[in-house]
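J.: Residue numbers (our numbering), protein chains in the order written: chain C, 579 to 1145; chain X, 579 to 1145.
2 protein chains.
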Amino acid sequence: MADNRKVGVLGGGQLGRMLIEAANRLNIQVNVLDAANSPAKQISAHDGHIEGSFKDAAKVKELAQKCDVVTVEIEHVDTQMLEEVAGQVVVEPSWKTLRVIKDKYAQKQHLKEHGVDVAESIDLEGKGADGLKEVGVKYGYPYMLKSKTEAYDGKGNFVVKSEGDIDAAIKALGGRPLYAEKWADFSMELAVMVVKTKDGVLSFPTVETVHEDSICKLTYTPPRNVSSSISQRAQDLAKKAIAAFEGKGVFGVEMFLLKDDSLLINEIAPRPHNSGHYTIEACPISQYDAHLRAILDIPIQPYMLRLKEPAIMLNILGAATPDSDKKVAQYAIENSDASVHMYGKGDSRPGRKMGHLTITRPTLREAEQAIQPLVDFVDEQKGNALGPRSDDPEPEPLVAVIMGSDSDLPVLKAGLQILEKLDIPFTTRITSAHRTPDWLRTFSKTASSTSLRVIIGAAGGAAHLPGMCASWTTLPVIGLPVKATHMDGWDSLVSMTQMPRGEPVATVGINNSTNAALLAVRILGASDKGVRERLRVWMEGNEKEVLRKDGELLEKGWKQYLVSMGK
Amino acid sequence: MADNRKVGVLGGGQLGRMLIEAANRLNIQVNVLDAANSPAKQISAHDGHIEGSFKDAAKVKELAQKCDVVTVEIEHVDTQMLEEVAGQVVVEPSWKTLRVIKDKYAQKQHLKEHGVDVAESIDLEGKGADGLKEVGVKYGYPYMLKSKTEAYDGKGNFVVKSEGDIDAAIKALGGRPLYAEKWADFSMELAVMVVKTKDGVLSFPTVETVHEDSICKLTYTPPRNVSSSISQRAQDLAKKAIAAFEGKGVFGVEMFLLKDDSLLINEIAPRPHNSGHYTIEACPISQYDAHLRAILDIPIQPYMLRLKEPAIMLNILGAATPDSDKKVAQYAIENSDASVHMYGKGDSRPGRKMGHLTITRPTLREAEQAIQPLVDFVDEQKGNALGPRSDDPEPEPLVAVIMGSDSDLPVLKAGLQILEKLDIPFTTRITSAHRTPDWLRTFSKTASSTSLRVIIGAAGGAAHLPGMCASWTTLPVIGLPVKATHMDGWDSLVSMTQMPRGEPVATVGINNSTNAALLAVRILGASDKGVRERLRVWMEGNEKEVLRKDGELLEKGWKQYLVSMGK
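Here it is, written out as structure tokens:
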């Protein structure tokens, strides 16, 4: 870069380390305040670092004197001192933001005041067991008891399942500043990394986060089986939440997707976040690049935050034995093409984040298949009984086979069997152009924003189904004319081929669902070498079968062959 | 990783730096022998580094004592000392290999002895001007005069264009150990990064390298307009070359693709190489990961070396002013989603490699479009008069439009115009199923290994063209029935739709080339959102046009409207 500004960071753990990895590539000097040999310092050799705690006010001041911009990799910092130094150095995000966010109750009140949907919560400071009982009356059980500060990875949280839990809850969290949250009956946890710049608020794609024992285990981008409109709403909500705070940088926004498809903010981190690690491999610029850019006023365009390929991130946690994490890393390195990031932390303790790995693939389904052995290995290391292996996740359909009537289904059977045989995920729907025109319209209009890539439309008679579908979608539509009661299927064949200029239907032979399916496979194969290879092998099988028959005919002679055919 | 082996590296430039970047992620300690604050040392803070020159035997010995494996980022090292220390520490690749390769003449003789195709060369040591004249007689002019050692980035090379150049050549390279190489009249330069492990020889994909002033400027992966069979031959040749050497690690193999499509080795680097930088973003593991794995016997599987996405790498070189490289970096960071790598080198000098950047895209064509503004900016920085902007490279065709006869071309016109309008690169060929059956077979069988993704076959009469094509390819084939002399096109329509189960032809309406083209666009759009969006906009335009006509009809009334139609 053309400037020589120095960045100071409070905290030198894995987030600071990955921030420095990004800074190293741009030759930006980052001065770290943390213990000697902390993960971040290991990959940054210069004399600008400071040894000490990021909670030590004097050290914060010392750091500020050596930098142009000060930022954080953790929110549990001395915001008093940051407020003091803010006169002499740029602090991003603002100390005010850090002060609000580090108190989770204040954070939620702040969001609520700005019209952002958050879980209902009640302040419990100084209220003791009676306060907890009142919450039970108001919210019912279970509810979540939380420490306002210094809570992370499930530490500082307690699920109060009944009035009988209250004593244990107070014992576990006693002495901490507490508040209670209404239980969120969510179907999924989502997260969005938001980037706040001098010009506005941008976001990375929506992520599904999967927690185990209250610690993030996996992230999926895009979220599994979540519509793009929900993903968009999640990004919008996250951006709205972060717009409510001052300052620049990236923010991790964790959300609940409730069973009625509404979204609630769970909590916010004013810094790079575990749910954004996937961006290193999956997006043009990572959350760390984005944080550096935001705090240094280097422009960011929305396209730089796009998802290049679906990605799954798996945390590598300390587990049963001190070398569990090293074993996981080694297993992944030797048996997968995952990008492995080990953080250079000293001691491995159960649940400690020692590293992570990311796998990207052209489709999420392929990424799921690729990561499964690693997840299994992690579970073994963790000492989990493997138990009955969870079923493979239902793959998202690439082909929709739609039919005007269930009477078309028997004709489709051979084609559906081909799709199964060639391992193409598909869905079958009944959508009549004339009896359910609105449903056909809705289906067709939304098809291209789902996982679908090709549509097969089977219909007899007037056979308007594939043609109408093609008029409402940009996806390729294959027409399968079905022989109905009259005209031997000619009516349908011509209705499909003779579409007006503008909306083609790829028509195959009458009742030939095999070819409709194989055409769908070829279309998918045009951009997927794996599919193409499966098709090639299948075609080779057909060729061999005909050659075998030819050999038999040559050997037996035509008369004997006819006999063997029973003719 | 589970082990604590330490790696020593001779040289701490950008290659050592990127090697350390890879090692940092795996927590592998790398000890660097080079000057203090060399690029590699900047991102590696520990006390295992050694300050000094990688040519200093005593320092090499000191390094060896601190490491388990010693490797190089440069071949101009003291192989004598490496031979000495090889008893006490693993040296990879072998000092023998380094010794042969660092002498370019010896390198070529070695390859020749192992049956590898290299340019013809003649030893000139001690032969003076007479020797050079003899070379001119034997090889003709121009030929290449090269220093056997210490030559890189064009330094140490001299093009002898005529006998009159000989004095200047001797003056330029006098005192160096020289040899001459026959001029390779190449159409393109290719390179392959080869990985030699304890188990065998693997390779990354083939790269096209573009040099300017004898310094690598750009690399394209895959190479532009090179068939996959040539790319495969380049990989095979590179692997054969490296199999001729002892030791483990990555090797950069530079080749010439001659005008007769044959390949010659140009030269070999026994280390990570500029032509392999793209692997950081474009492959599951990078050349640096692969080098570490190879020298540490960590397994590598071929799929880890695959190309995830086409990639273009642009070197950021020192240019006219000391901050030219910084300006390029800043321009790229602000105006593109390129991954920018600045090496942390001190002084910028014209031609010095200060950094590089990589852009990846789903297709090479998109990558070319994305990188063009950056190449233009670099050229401006370099002080090049921009001159007439080179034409955009001819994009590789995605659609082949084949026809049985040129008499089908007028029918195809409307469809070809649509493809042009929607910016789909295509090729048109005449391939008659009955008059050129062998050419059709060759075309169809090789289609899927070219850039082609969809084929449109237009034919009249018996109209076997698309059906036969479909029988020889796995790509989707669209059939356009052309109305010939008899039967109004019914013959062709039925010949295409009624293909037997197994080889579908996606048939559109008789003479409706518009729909054939639009179906091809939809098929491409199934996996390319950009294409889909262009199609959506086009369809929207059609919708508006019909709505406009409806408004006009409503306004004018049907009688007036008919008049305005001239009917």
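Glycine is no exception: its CB is placed at the ideal position from the N, C-alpha and C atoms.
1. Do you know offhand how far S983/X's Cα is from I1034/X's?
2. Going by other Cβ atoms of all chains shown within 10 Å of its Cβ, with 16 needed for buried, is D612/C buried or exposed?
3. Would you say M920/X and N605/C are within 8 Å of each other, going by their C-beta atoms?
4. Only counting the same chain, and skipping five residues up and downstream in sequence, which positions put a Cβ closer than 6 Å to that of E1130/X?
5. Note the first and the last residue of the continuous beta strand (DSSP E) segment covering E711/X.
6. What residues are listed by DSSP as bridge partners for A868/X?
7. For Y721/C, which option in E759/C, K705/C and A707/C has the closest C-alpha, if you only look at C-alpha atoms?
8. Between the Cα of Q879/C and those of D731/C, G778/C and L836/C, spot the shortest distance and give me the residue it belongs to.
9. Determine, using beta carbons only, whether T797/X and P783/X come nearer to each other than 8 Å.
10. Between which two residues does the alpha helix (DSSP H) holding F1021/C run?
11. Classify R849/C: buried if its beta carbon has 16 or more other beta carbons within 10 angstroms, exposed otherwise.
12. What's the C-alpha gap between Y717/C and S840/C?
13. Got a sec, what are the start and stop residues for the beta strand (DSSP E) P1059/C sits in?
14. Ignore the nearest five residues each way along the sequence and tell me which others in L660/X's own chain have a CB closer than 6 Å to its CB.
15. For Y719/C and chain X, any beta-carbon pair shorter than 8 Å?
16. To which residues of the same chain is S699/X closer than 6 Å at the C-beta, ignoring the five residues directly before and after it?
17. Name, going along the chain, the residues of the segment 1007-1038 of chain X whose beta-carbon falls closer than 7 Å to a beta-carbon of chain A.
18. Start and end of the beta strand (DSSP E) containing M833/C?
19. Residues of chain C with CB closer than 7 Å to the CB of Y881/X, please, in chain order.
20. Which of the three DSSP states is assigned to F955/C in this structure?
21. With respect to the beta strand (DSSP E) encompassing I894/X, which residues constitute its N-terminal and C-terminal limits?
22. Any beta carbon from chain X within less than 8 Å of K1113/C's own beta carbon?
23. Is it buried or exposed for H692/C, if we count other Cβ within 10 angstroms and need 16 for buried?
24. Does chain X have any CB closer than 8 Å to the CB of L842/C?
25. Kindly indicate the opening and closing residues of the alpha helix (DSSP H) around K637/X.
26. So H869/C and V828/C are supposed to be a Cβ contact under 8 Å. How far apart are they, rounded?
27. Contact between the segment 1116-1126 of chain C and the segment 1109-1124 of chain X is defined here as three or more beta-carbon pairs at a separation below 8 Å; is this criterion met?
28. For T675/X, return the contacting residues in chain C, with the cut-off set at a CB-CB distance below 9 Å.
29. The ligand GTP and Q658/C: does any heavy atom of the ligand fall closer than 7 Å to the residue's C-beta?
30. Using a Cβ cut-off of 7 Å, pull out every chain C residue sitting near L1097/X, in sequence order please.
31. Would N852/C count as contacting chain X if we go by Cβ distances under 8 Å?
32. Provide the residue(s) that pair with I843/C in DSSP beta bridges, ordered along the chain.
33. Whole beta strand (DSSP E) runs in the segment 763-798 of chain X with 3 or more residues, listed along the chain?
34. For P900/C, would you say it is in contact with chain X, using Cβ-to-Cβ distances shorter than 8 Å as the test?
35. May I ask you to list, following chain order, the residues of the segment 589-603 of chain C that have a beta carbon less than 9 Å from some beta carbon of chain X?
36. In three-state terms, what does DSSP make of K960/C?
T.: So, from the data block:
1. As a position in the second sequence, residue 983/X is number 405, starting the count at 1. As a position in the second sequence, residue 1034/X is number 456, starting the count at 1. Those two C-alpha atoms are separated by around 14 Å.
2. What you label residue 612/C is simply residue 34 of the first sequence in a count that begins at 1. Buried: at least 16 other Cβ atoms inside 10 Å.
3. Indexing the second sequence from 1 puts residue 920/X at position 342. Indexing the first sequence from 1 puts residue 605/C at position 27. Closer than 8 Å, so yes.
4. Taking the second sequence and counting its residues from 1, one reaches residue 1130/X at position 552. For E1130/X, where only same-chain residues beyond five positions count, there are no Cβ hits under 6 Å.
5. For this step, residue 711/X is matched to residue 133 along the second sequence. Per the sequence shown, the amino acid found at residue 711/X is Lys instead of Glu. That residue, K711/X, is in no beta strand (DSSP E); its alpha helix (DSSP H) goes G706 to Y717.
6. The residue you call residue 868/X lines up with position 290 of the second sequence. According to DSSP, A868/X bridges with nothing at all.
7. Indexing the first sequence from 1 puts residue 721/C at position 143. The residue with the shortest Cα to Cα distance from Y721/C is E759/C.
8. The residue labelled residue 879/C in the question sits at position 301 within the first sequence. If we check each option's Cα against that of Q879/C, G778/C comes out closest.
9. As a position in the second sequence, residue 797/X is number 219, starting the count at 1. As a position in the second sequence, residue 783/X is number 205, starting the count at 1. It is not a contact, given that the beta carbons lie outside the stated cut-off.
10. Within the first sequence, residue 1021/C is the residue found at index 443, counting from 1. F1021/C -> alpha helix (DSSP H) spans P1015 to A1025.
11. As a position in the first sequence, residue 849/C is number 271, starting the count at 1. With 16 or more other Cβ atoms within 10 Å, it is buried.
12. For the purposes of this step, residue 717/C is identified with residue 139 of the first sequence, where counting begins at 1. For the purposes of this step, residue 840/C is identified with residue 262 of the first sequence, where counting begins at 1. C-alpha separation (whole angstroms): 19 Å.
13. Residue 1059/C sits at position 481 when you count from the first residue of the first sequence. V1055 to V1060 is the extent of the beta strand (DSSP E) around P1059/C.
14. Taking the first residue of the second sequence as 1, we reach residue 660/X at position 82. Closer than 6 Å at the Cβ level, and outside the excluded window around L660/X, lie V669 and W673.
15. The sequence position of residue 719/C within the first sequence is 141, counting from 1. Not one chain X Cβ lies under 8 Å of Y719/C.
16. Taking the second sequence and counting its residues from 1, one reaches residue 699/X at position 121. K686, Y757 and E759, listed in sequence order.
17. Reference to chain A is not applicable here, since the protein chains of this structure are C and X.
18. Counting from 1 along the first sequence, the entry for residue 833/C is found at position 255. Segment G827 to L836, the beta strand (DSSP E) holding M833/C.
19. Locating residue 881/X in the second sequence gives position 303, where the first residue counts as 1. Chain C residues near Y881/X: D915.
20. On the first sequence, position 377 is the one that residue 955/C refers to. Of the three classes helix, strand and coil, the one that applies to F955/C here is helix, per DSSP.
21. If you number the second sequence from 1, residue 894/X lands on position 316. That run of the beta strand (DSSP E) goes A889 to L895.
22. Numbered from 1 along the first sequence, position 535 holds the residue referred to as residue 1113/C. One point to set straight first is that residue 1113/C is Leu, not Lys, in the sequence displayed. It does: the Cβ of L1113/C has a partner Cβ on chain X nearer than 8 Å.
23. Reading the first sequence from its first residue, position 114 is the one you call residue 692/C. When all chains shown are included, H692/C counts as exposed.
24. What you label residue 842/C is simply residue 264 of the first sequence in a count that begins at 1. With 8 Å as the cut-off, L842/C does not count as an interface residue toward chain X.
25. Along the second sequence, read from residue 1 onward, the residue named residue 637/X stands at position 59. That run of the alpha helix (DSSP H) goes A635 to Q643.
26. Stepping through the first sequence from its first residue, residue 869/C is reached at position 291. Stepping through the first sequence from its first residue, residue 828/C is reached at position 250. Confirmed, about 4 Å.
27. no
28. What you label residue 675/X is simply residue 97 of the second sequence in a count that begins at 1. Residues of chain C passing the Cβ test: none, with the nearest at roughly 26 Å.
29. Absence of the ligand GTP from the depicted structure is noted, as is the absence of any ligand whatsoever, leaving it without description.
30. Taking the second sequence and counting its residues from 1, the one referred to as residue 1097/X is at position 519. Within chain C, the residues near L1097/X are P1054, P1082 and A1084.
31. Locating residue 852/C in the first sequence gives position 274, where the first residue counts as 1. It does not: the Cβ of N852/C has no partner Cβ on chain X nearer than 8 Å.
32. Here residue 843/C refers to the residue found at position 265 of the first sequence. In DSSP, I843/C forms a bridge with V696/C and M833/C.
33. 764-774 and 779-790
34. Residue mapping note: residue 900/C aligns to position 322 of the first sequence, counting from 1. Not closer than 8 Å to any Cβ of chain X, the Cβ of P900/C fails to qualify, so no.
35. R595, I598, E599, N602 and R603
36. Residue mapping note: residue 960/C aligns to position 382 of the first sequence, counting from 1. The answer is coil: DSSP assigns K960/C none of H, G, I, E or B.
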